[in-house]
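These protein sequence lines are chains V and U, in that order. Per this note's numbering, the very first residue in the first sequence carries number 1; after that it's consecutive. Per this note's numbering, the very first residue in the second sequence carries number 1; after that it's consecutive.
Number of protein chains: 2
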Amino acid sequence: MLHFDNKIFFATNNINKIQEAQGILSNFGIVIEKIDVKKVEIQSDVLEEIVLYALKKVNKRIIPIIIEDSGLFIEKLNGFPGPYSSYVYKKIGCDGILKLLEGEKERGAKFVSIVGFKKDKLIKIFKGEIVGKIAYKKMGRHGFGFDPIFIPGNIEKTFAQMNLEEKNLWSHRGRAFKALGEWLQSSIKNF
Amino acid sequence: MLHFDNKIFFATNNINKIQEAQGILSNFGIVIEKIDVKKVEIQSDVLEEIVLYALKKVNKRIIPIIIEDSGLFIEKLNGFPGPYSSYVYKKIGCDGILKLLEGEKERGAKFVSIVGFKKDKLIKIFKGEIVGKIAYKKMGRHGFGFDPIFIPGNIEKTFAQMNLEEKNLWSHRGRAFKALGEWLQSSIKNF
């Protein structure tokens, strides 16, 4: 049985991620607090490895803590930009991805989110995934990163055309945090 | 004064890098030996940080050791692919970069190499840089990675159109290893 009050620290500087996580976890009575902590992010093709390494290296006194990493994996680009999505977004943006896919009809892609939870020596990993496709142009103004060009499932709407609640229903991050919430609910004493 | 015989371990799986390093360091009487060692590569926009972290984490019994990291920084793409050049090459190749620069006349770019040397507690960093531009198409069959699309200086020839000796004269890696060689020459006792 896990013991702690209802607050978890989320090591991220991305306020959008905080809001998305809070949107899910408040359903489980959990409060997220943003924390500014030095994270060691390794280079790896595997998101789980990045999150695990960062969790292991994080300051032990901050508990319980979550670290999240996510990536957009585009089939025709062999999984690019993958774990480096945030770097690639900063450098070439949605326009760069659209240019790389110019004239391309196969636009399959998936978004993956890995949420890692740590309390004392306990580490748990949760994965959320959503398969979809890359739009032909940017659409919508909500969200962040590649949201304006990612269409989840078979609808004709990008993440950036959804409000937070709707995006959380579909999204990789919403799914990973839901899995965390369900696990916490079943594991925490006096929840 | 440094003390060791004339052999240095090079932690890389890239046989081309071994050959380029050996091409330079043999002028200084130094023999390079490839070594397969677990390297921790962090995500960072700064090559020096990546090399320093890896050197600090490397198995202490392997001495002296060098770690090298390099990147292609393209002006119009805000420095992309930078420290992630090898990942980006694997995923979208030279063709991906050419596509991103389609219709673009400003093609300025630079290649940077950081060579880190470690013996016991001593760590030294050497930097090599070459400014040039991205070609309009792939040319040449030598070298590796983005060599077929990188034109150093003001000549009209890519790295891939040069043999190893000529590339070493121009290249970022050649320059960094030459700086290492010169420093070793002036620092090693009984050299």
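Each residue gets a CB set at the ideal place from its N, CA and C atoms; glycine is no exception. Please read these numbers as outputs of a predicted model, since none were measured by experiment.
*Secondary structure, alpha helix (DSSP H): runs of 4+ residues fully inside the stretch 14 to 48 of chain U*: For the stretch 14 to 48 of chain U, whole alpha helix (DSSP H) runs of length 4 or above, ordered along the chain, are 15 to 25.
*Can you tell me whether DSSP reads residue 101/U as helix, strand or coil?*
In the structure shown, residue 101/U sits in coil (DSSP, three-state: anything other than H, G, I, E or B).
*Given that a residue counts as buried once 16 or more other Cβ atoms are within 10 Å of its Cβ, and exposed if not, what is residue 25/U?*
Answer is buried; the Cβ neighbour count reaches 16.
_Element boundaries [alpha helix (DSSP H), containing residue 72/V]_ = Element bounds for residue 72/V: not the alpha helix (DSSP H) but the beta strand (DSSP E), 65 to 74.
*Can you find a CB in chain V that lies within less than 7 Å of the CB of residue 84/U?*
Judged by the 7 Å Cβ criterion, residue 84/U is in contact with chain V.
_C-alpha distance - residue 28/V paired with residue 19/V, whole-angstrom precision_ = The straight-line gap from Cα to Cα measures roughly 15 Å.
*Look up residue 129/U in the DSSP assignment and say whether it is helix, strand or coil.*
Three-state DSSP puts residue 129/U in a strand.
*Neighbour flag for residue 96/V against chain U, beta carbons, 7 Å*: So yes, residue 96/V belongs to the interface.
*How should residue 87/V be labelled, buried or exposed, when 16 other C-beta atoms within 10 angstroms of its C-beta is the threshold for buried?*
A residue is called buried once 16 or more other Cβ atoms fall within 10 Å of its Cβ, and residue 87/V is buried on that count.
*asked:* Give me the DSSP bridge partner(s) of residue 159/V.
replied: Residue 159/V is not bridged to any residue.
*Starting from residue 121/U, follow the beta strand (DSSP E) in both directions and report where the run begins and ends.*
It is not in any beta strand (DSSP E) - residue 121/U carries neither H nor E in the DSSP assignment.
*For residue 186/U, count neighbouring C-beta atoms within 10 Å of its own C-beta (all shown protein chains included) and say buried if the count is 16 or more, exposed if not.*
By the neighbour-count definition (other C-beta atoms within 10 Å, threshold 16), residue 186/U is an exposed residue.
_Please tell me whether residue 46/U has its Cβ less than 7 Å away from any Cβ of chain V._
With its beta carbon at least 7 Å from every one in chain V, residue 46/U lies outside the interface.
*Where does residue 122/U land, buried or exposed, given buried means 16+ other C-beta within 10 angstroms?*
Burial check for residue 122/U: the Cβ neighbour count within 10 Å stays below 16, so the residue is exposed.
*Same chain, Cβ closer than 6 Å to residue 155/U, neighbours up to 5 away in sequence not counted*: Nothing meets the Cβ criterion.
*How long is the line joining the alpha carbons of residue 188/U and residue 51/V, rounded to whole angstroms?*
The alpha-carbon atoms of residue 188/U and residue 51/V are separated by roughly 42 Å.
*Just to confirm, are residue 100/U and residue 96/V a CB contact at a threshold of 7 Å?*
Yes, these two residues count as a Cβ contact at 7 Å.
*Tell me, please, which residues DSSP counts as bridged to residue 81/V.*
Paired residues: 73/V.
*What are the partner residues of residue 9/V, as DSSP defines its beta bridges?*
For residue 9/V, which the question treats as bridged, DSSP gives the partners 33/V and 65/V.
_Nearest-angstrom Cα separation, counted from residue 148/V out to residue 64/V_ = Taking the straight line from one Cα to the other gives about 33 Å.
_DSSP-derived helix/strand/coil call for residue 113/V_ = Here residue 113/V sits in strand by DSSP.
_Interfacial residues, the stretch 33 to 58 of chain V to chain U, with Cβ spacing under 7 Å_ = Those residues of the stretch 33 to 58 of chain V placed with their C-beta closer than 7 Å to a C-beta in chain U are 40, 41, 42 and 43, ordered along the chain.
*Which of helix, strand or coil DSSP assigns to residue 190/V*: Bear in mind that the predicted position of residue 190/V carries a pLDDT of just 48, short of 50, making it too unreliable to give a figure here.
*asked:* At the level of alpha carbons, what is the spacing between residue 131/U and residue 84/U?
replied: Cα to Cα, the separation comes out at about 18 Å.
_DSSP bridge partner residues for residue 152/U (one or two, in chain order)_ = Per DSSP, 132/U.
*Do residue 94/V and residue 127/V have their C-beta atoms within less than 7 Å of each other?*
Using a Cβ distance threshold of 7 Å, residue 94/V and residue 127/V do not count as a contacting pair.
*Touch check for the stretch 157 to 168 of chain U and the stretch 6 to 22 of chain U: three-plus C-beta pairs under 8 Å?*
Yes, since at least three Cβ pairs between the stretch 157 to 168 of chain U and the stretch 6 to 22 of chain U fall closer than 8 Å, the two stretches touch.
*Could you tell me the boundaries of the alpha helix (DSSP H) in which residue 166/V lies?*
Where residue 166/V is concerned, the enclosing alpha helix (DSSP H) stretches over 164 to 170.
*Using the beta-carbon of each residue, which ones in chain U are nearer than 9 Å to residue 100/V?*
Going along chain U in sequence order, the residues near residue 100/V (Cβ under 9 Å) are 92, 96, 99 and 100.
*Return the CA-CA distance between residue 14/U and residue 67/U, expressed in angstroms with no decimal places.*
Inter-residue distance for residue 14/U and residue 67/U is about 12 Å (C-alpha atoms, whole angstroms).
*Is there a Cβ from chain B that is less than 7 Å from the Cβ of residue 111/U?*
Chain labels in this structure do not include chain B; the protein chains are V and U.
*Could you check what DSSP says for residue 140/V in three-state terms: helix, strand or coil?*
Residue 140/V: coil per DSSP, three-state reduction.
*Starting from residue 77/V, find everything on chain U with Cβ-Cβ shorter than 7 Å and list it in chain order.*
Listed along chain U are 91 and 92, each with a C-beta nearer than 7 Å to that of residue 77/V.
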